[in-house]
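Asker: Residue numbers (the UniProt record's numbering): 1 to 204. For reference, the structure I am asking about is given below.
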């Protein structure tokens, strides 16, 4: 089951299981999750659940809706995403496994956009050869139960990964082109546009 952790000033205010197919955020008391602050619009944002997926949508709010510090109109939530709503943060947690995440996030190399500067390439399994573009400042793969990697882009443009779980032993490192990461039984290679664009392995 998925969970929302509502925070203000780094303090946890509440933990809410995602049980409804639609969850609204707003300053208005009729919202499912009321956030009483002037930085929040009356009807600020909404999460819509479609099968196993949770989509976050901005409702034309005044100050915008953010995920991992990137402003969004609509976003497919993944485990560890940090939603920014005015002065509030809402952490999205889910126990979905890596297989579901790969299905949602990976694309065929032929669908690569020229704007992609960094990505992960899947090296094995049913999604071997597919890529996961690193478009946001933060990407989380896996979950806390089976092992997890968090990849963040620094202001200097470096990609830093934190790996948790028994096999990874809670490592932190700066990624360079060609580095290999492992989550559950899946291996992923970190790629940069200037180093790897001509060396993509097409899916079989």
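Built from N, CA and C at the ideal position, the CB exists for glycine as well. This one's a predicted model, so the numbers in the text were calculated from it and none came from an experiment.
Is residue 62 near residue 41, with beta carbons less than 9 Å apart?
Answerer: yes
Asker: Could you check which residue in 67, 87, 21, 3 has the C-alpha nearest to that of residue 35?
Answerer: 87
Asker: In three-state DSSP terms, what is residue 14?
Answerer: strand
Asker: Secondary structure at residue 133, three-state DSSP: helix, strand or coil?
Answerer: strand
Asker: Whole angstroms is fine: what's the gap from residue 11's alpha carbon to residue 70's?
Answerer: 22 Å
Asker: Let me know if residue 92 comes out buried or exposed under the rule of 16 or more other beta-carbons within 10 Å of its beta-carbon.
Answerer: buried
Asker: When you compare each of 175, 85, 154, 82 to residue 163 by their alpha carbons, which one comes out closest?
Answerer: Among 175, 85, 154, 82, the Cα nearest to that of residue 163 belongs to 175.
Asker: Counting pairs of Cβ atoms below 8 Å between the segment 46-53 and the segment 116-129, do you hit three or more?
Answerer: The answer is no - the segment 116-129 does not touch the segment 46-53, with fewer than three Cβ pairs under 8 Å.
Asker: Using a Cβ-Cβ distance cut-off of 9 Å, determine whether residue 101 contacts chain C.
Answerer: Reference to chain C is not applicable here, since this structure consists of a single protein chain.
Asker: Consult DSSP for residue 177 and reduce its assignment to one of helix, strand or coil.
Answerer: coil
Asker: On a Cα-Cα basis, can you pick out the residue from 183, 22, 21 that is closest to residue 123?
Answerer: 183
Asker: Under 8 Å by Cβ, that's how I've got residue 130 and residue 160 pegged, so tell me the actual separation to the nearest angstrom.
Answerer: Incorrect: roughly 23 Å between the Cβ atoms, too far for contact.
Asker: Would you identify the three-state DSSP class for residue 53, choosing helix, strand or coil?
Answerer: strand
Asker: Rounded to a whole number of angstroms, what is the C-alpha to C-alpha distance between residue 28 and residue 44?
Answerer: The straight-line gap from Cα to Cα measures roughly 9 Å.
Asker: List, from N- to C-terminal side, the beta strand (DSSP E) runs of 3 residues or more that fit wholly inside the UniProt domain "FHA" (23-72).
Answerer: Counting only runs of 3+ residues, the beta strand (DSSP E) found wholly inside the UniProt domain "FHA" (23-72) occupies 45-50, 53-58, 65-67, 70-72, in chain order.
Asker: Quick check: what's the CA-CA separation for residue 173 versus residue 138?
Answerer: 15 Å
Asker: Which class does residue 156 belong to by DSSP, given the choice of helix, strand or coil?
Answerer: coil
Asker: In the DSSP output, what is residue 189 paired with across the bridge?
Answerer: 121, 180
Asker: Between which residues of its own chain and residue 154 is the CB-CB distance below 8 Å, once the five residues before and five after are set aside?
Answerer: 160
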